[in-house]
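Scroll down for the structure; my scribbles are underneath it.
In my numbering, the protein residues as written are 393 to 1057.
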């Protein structure tokens, strides 16, 4: 039996090419690749159809058509047909070209043979090196064209004493591009009254790509290959009764036992490689499925154990005060999952206003437009005093709060307001200057804002993480996620290179990627927090619920101004300030009228007709500045720096036809 084989460079089927193309597009999007020159051209051979007929006198009559997909302008195509000594039988091979041209609607438009090189002609030449070149002149641009040639070859078919043999490379290794979707039909000289017995009186083997096949179709033998690479070949070896070659001179010697022995050996070797590939492939699929199941089970188990081990003791629905004396920005970062956002900056400024470090004023400024000066409402921050020296602050919580306040003043007055070298930082800052700084100095603004974020997040991590109480399972989930990604990449390689079945491989590949994402998500939800942080987080969530619902509860609204000063700042951090002001203005308006709360309340309410409240104005400027700085920095340049049919086998190579090929010009 024939076995299939495949060498290293045969072309990929279209389904795999589509997947590969998706990867290439993704890579091209991430890399600054230079555009292809406008004059570049390329082509591929999408289909090859060959009909080879053996005559009783041993002549091999071949009709071969090839479909060329042109991308660019081409003048024609050419075939190179090998001639000379056939080493398998010691005879000389001669080729006679009968016709050449284009297939139009399935019919051959035969060209005229000529040496003039004109469109619609073909030329046959011999270069003296054992190759007959057929050059077809037919100019085409950006289209699909099927060219065909017909020729007779003698000296390839052999009549041994015990068998007739055709040992022939129907696709040689000399083509400039890969040959895709190859079909070769062999028509044997079956005498009247006789028939073809597959594997009995007629045996057929194929040598070449592992995914190619041999089959019998009535009296014909059909060879099919999805693709034959430029350094590969597709070869047939067919034996049939010697009497069918009644008009061909007999070559001395019996060859059938040798042929059967060789083919059996090559088939066994190919089948062994195929079995190894199948074991490897199905083993990989099995490992992938186990990895998917293991990742799902591990993710569910780890998250469930985390929730059990880190379940807060505080289980009330509502909490009515600030959980700790920590800085609001640090509490906000904890609430945000460890990230500092713009609302933490606003909350810090509200705190600085309440404690007398800055003053907020509404001002009118003039801005020149194209036609006239325009008055615009703005807000101004005035720095009244510096935070106390670090040496004067005692306590871990107080020191952390001081560093946040100091960093916030540094960001706004030293960086955004524009401190010049050798001068003191400006003491005033307009909200509109935030946009201007981000537009004029995007990198400086982005670096300063990121530095402020890093300090808040670092203080939050230091305050609420616990290295002694490690979260179990994070390392396991990270390892499983990486393993899933590696498994998916392996299956992608199997899909693209080994041509694994897409209907099995693709679902497992997708599941692996989904499990990797799920494992990373599960790991991210298992935050490395101290027991205290878990309790504080639970109370912050309960406080957020209370701030949304406090007027709908059957309980008295607290009237403590000092408490509401803290709660209004926390409402900003928790993202519910608008709801709180609406409820408080109805349920307890006297709190908002108290002078002790005006410094904080002004941030939320102070505005007017056509003028946004300070908190909204600042948030808008911060968001706009962030988008401007990110866009500008991202756009900057980088630094350089048996014979009865079946699969093909991997043996052979002794059939006539090596060195032939062709291409386009």
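Ideal placement from N, C-alpha and C gives every residue a C-beta, glycine not left out. Every value quoted in this text rests on a predicted model; they were computed, and no experiment measured them.
Contact check between the stretch 472-485 and the stretch 516-529: three or more CB pairs, one atom from each, fall below 8 Å, which counts as touching. For the pair of segments examined, the stretch 599-611 was found not to touch the stretch 529-544: the number of CB pairs separated by less than 8 Å stays below three. In the three-state reduction of the DSSP assignment, residue 593 falls in the coil class.
Counting along the chain, no beta strand (DSSP E) covers residue 841; the unbroken alpha helix (DSSP H) around it starts and ends at 834-856. Counted as a single uninterrupted DSSP element, the stretch harbouring residue 930 is not any beta strand (DSSP E) but the alpha helix (DSSP H) occupying residues 923-941.
Annotation for residue 576: the continuous beta strand (DSSP E) segment containing it runs 571-579. Nearest to residue 826 by alpha-carbon distance, out of 816, 819, 810, is 810. Under the three-state reduction of DSSP output, residue 539 falls in the strand class. Residue burial is scored here from C-beta neighbours: residue 546 has at least 16 other C-beta atoms within 10 angstroms and is therefore classed as buried. When the five nearest sequence neighbours on each side are left out, the beta carbons in the same chain lying within less than 7 Å of the beta carbon of residue 490 are those of 542, 543, 544, in order along the chain.
With a cutoff of 8 Å on beta-carbon distance, residue 961 and residue 715 are scored as not near each other. Contact check for residue 976 against residue 966 fails: the beta carbons are separated by 8 Å or more.
Under the 10 Å beta carbon count, residue 657 is surrounded by fewer than 16 other beta carbons and is classified as exposed. Classified as buried, residue 478 has 16 or more neighbouring CB atoms from the shown chains inside 10 Å of its CB. Of all C-beta pairs linking the stretch 910-921 to the stretch 865-876, three or more are shorter than 8 Å, placing the two stretches in contact. Taken through DSSP and simplified to helix, strand or coil, residue 612 comes out as strand.
Residue 799 counts as buried, since no fewer than 16 other beta carbons sit within 10 angstroms of its beta carbon. Cβ contact annotation for residue 929 (same chain, cutoff 8 Å, sequence separation greater than five): 704, 726, 727, 921, in chain order. Apart from sequence neighbours up to five positions away, the residues of its chain that approach residue 785 with a beta-carbon distance below 6 Å are 791, 794, ordered along the chain.
Assignment of residue 918 by DSSP, reduced to helix, strand and coil, places it in the coil class.
In this structure, residue 828 keeps its C-beta atom at 8 Å or more from the C-beta atom of residue 773. According to the DSSP assignment, residue 720 belongs to the alpha helix (DSSP H) that extends over 720-727. Within the stretch 759-818, the complete beta strand (DSSP E) segments at least 3 residues long are 765-775, listed from N- to C-terminus.
Look at residue 548 here: in three-state DSSP terms it is coil, with no helix or strand label.
The residues 876, 900, 903, 904, 907, in chain order, have a CB closer than 8 Å to that of residue 684 in the same chain once the five nearest residues on each side in sequence are set aside. Residue 735 sits close to residue 964, with the two beta carbons spaced by under 8 Å. Contact between the stretch 623-632 and the stretch 548-557 is present: three or more C-beta pairs spanning the two stretches fall below 8 Å.
In the DSSP annotation of this structure, residue 497 is not part of any beta strand (DSSP E), being labelled neither H nor E. DSSP lists 560, 598 as the beta-bridge partner residues of residue 628. Each residue's CA atom was taken as its position, placing residue 910 and residue 691 some 8 Å apart. By the Cβ neighbour-count rule, residue 517 is exposed, with fewer than 16 other Cβ atoms within 10 Å of its own.
The residues 914, 917, 918, in chain order, have a CB closer than 7 Å to that of residue 695 in the same chain once the five nearest residues on each side in sequence are set aside. Beta-bridge partners assigned by DSSP to residue 460: 437, 537. Burial is judged here by how many other beta carbons sit within 10 angstroms of a residue's own beta carbon; residue 780 has fewer than 16 and is exposed. Just so you know, the alpha carbons of residue 499 and residue 687 end up roughly 59 Å apart.
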